[in-house]
Structure formats: structure tokens, C-alpha cells
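Below is one structure, written out as C-alpha cells; the observations come after it.
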Amino acid sequence: AQSVTQLDSQVPVFEEAPVELRCNYSSSVSVYLFWYVQYPNQGLQLLLKYLSGSTLVKGINGFEAEFNKSQTSFHLRKPSVHISDTAEYFCAVSVREWLKGGKLIFGQGTELSVKP
Amino acid sequence: GAVVSQHPSWVICKSGTSVKIECRSLDFQATTMFWYRQFPKQSLMLMATSNEGSKATYEQGVEKDKFLINHASLTLSTLTVTSAHPEDSSFYICSASPRIDRGYEQYFGPGTRLTVT
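Residue numbers (the numbering used here), protein chains in the order written: chain Z, 20 to 135; chain L, 6 to 122.
So, in C-alpha cells, the structure goes:
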């Protein structure tokens, strides 16, 4: 069975500092990986996804993530955060048989709090 | 573009009553819609997937007679929680996909908080 673990439930960081939100997955088959962001009172928005190709994936709002198969990780990074990045971030995984149908398994979420 | 709305945003109901939650894709046709449940500080759990005009496919452990899903049109899906009990209190989120061959491209609604007293 597939599972996703987000290692940090809360990450406080000062504005303009770099940040890394950690995500590890477990799967016996090849995976496809996603990061979503949820701002207060809004629906989840896709930040970036890894389906194939380059393991370094760039997304919206200056975020990027690197797929590391050997470490079964897909950590999200941003070199310099803004107050507006304060939100909940979710990592999600899918596998080939689910991809077309859209089934996603989500992690528990990481609350990023950017302080001035 | 690609906006999904949910109504109501929050609802309180008494134990034993039923409550209906609507999910609408406002500016695209949704071939597939998904319903998730989220407990505080926990991940989104997929409850069911529905395609327009077809019966919903429920995930293991989800009671289909309790959580009735109707995907009546390409822009509307409803989730009815029947005979609700306090343990059904949760945050319910829907998402919609415009591509039948790319279900992973989902647009999420803002969620509905259900409290059963």
C-alpha cells in the first residue's frame, strides 16, 4: 500500500529565509508526486508535480521540489519565503493504476508560518 | 479559471437528520468529481470518485448507504450524509477534474465543515 508522511506538522520561519518542507513516501511501485497549497478558506491549489523526467521540478510561486527515489522523498523548497506563503502544504502520491482515475493519497499537511 | 465551489461552507445539524453538500465546477465541465474527508490536523482521505451519469466508486471502509453521492451533471455533484451522527462531524472537500484521461488534474473546492450535535 502507498503512504505519505510529512515529517513536520508546523514550520515557523522568518520572512526572506529559505524553507524546506519534508515529504517521504512508501510504495512498492513507481510513484507520481504532488505538492498542494491551501490558503485559509480556500481550496487546495497545485504547486507542482512530478510525473517523469527531470527529478527537479519547479512550480508556481518560486517553489521547487526534488524527487529522490533512493531516499523515497519529495521535499519542497523555496530559497526566500514571503509572508504570503503562510499556508498549509500537502504532499500527495499516486501510482500508475490510479493516475488516470485521479486517486491521490495525501500526507498530513505542514503548516508553514512566515513571520516578519 | 478552474473554480470549484461548495455549498454550504458550514452546516450544523442534529443527530439523526440528513444533510446535503453541493459541489459545483463553475467554469469547466467536470468529467470526474472526488469527495474527501479531513479530520483536524490529519490528511485528506478520499471517500469516493464519481463520473457524470455513473454510480460513484467508494473507497474501502466508506459506507455507501450513509454517504450518498450523486453526480447528476457535468458541473454538479452532491454528497448527502444520511442519518448523521456526531462522529460524522468533519471537513468535507470536493474536487473536480476536467480531463477523463488526467484525473490527477484536480481543482479543489474550499470545503464544508459539518457539525452534528
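Even for Gly, the Cβ is constructed at its ideal location relative to N, Cα and C.
Note that the structure is predicted; figures quoted are calculated from it, not measured.
- Item | Distance between L:S10 and Z:Q61 (C-alpha atoms, nearest Å) | Z:Q61 and L:S10: Cα-Cα distance of roughly 10 Å.
- Compare the C-beta of L:V16 with all C-beta atoms of chain Z and state if any pair is closer than 8 Å. Answer no: the Cβ-Cβ gap between L:V16 and chain Z never drops below 8 Å.
- Message: Tell me which residues share the same chain as Z:T163 and place their Cβ nearer than 7 Å to its Cβ, disregarding the 5 neighbours each side in the sequence.
- Response: Examination of residue 163 of chain Z is not possible in this model, given that chain Z is present from 20 through 135 alone.
- Cα separation between Z:D27 and L:P45? Answer to the nearest angstrom: the Cα atoms are 15 Å apart.
- Presumed contact (8 Å Cβ cut-off) between Z:G121 and L:T54, rounded CB distance: Yes, they are in contact, since the Cβ atoms of Z:G121 and L:T54 sit about 7 Å apart, within 8 Å.
- is_contact[Z:G121, chain L] using C-beta, thresh 8 Å: Residue-level contact check: Z:G121 touches chain L, since one or more beta carbons of chain L fall below 8 Å from its beta carbon.
- Using DSSP with H/G/I as helix, E/B as strand and the rest coil, what is L:E92? In the three-state scheme derived from DSSP, where H, G and I count as helix and E and B as strand, L:E92 is classed as helix.
- Enumerate in chain order the residues of its own chain whose CB-to-CB distance from L:P13 is below 7 Å, with the five nearest sequence positions on each side excluded. Excluding sequence neighbours, L:P13 sits near T117.
- Task: Measuring only between beta-carbons, confirm whether L:G58 sits less than 8 Å from chain Z.
- Result: By the rule that beta-carbons nearer than 8 Å mark a contact, L:G58 does not touch chain Z.
- Taking the continuous alpha helix (DSSP H) assigned at Z:L123, which residues delimit it? First-last for Z:L123: undefined, no H or E at that position.
- Item | Secondary structure of Z:L70, DSSP reduced to three states | Note: Z:L70 maps to coil in three-state DSSP.
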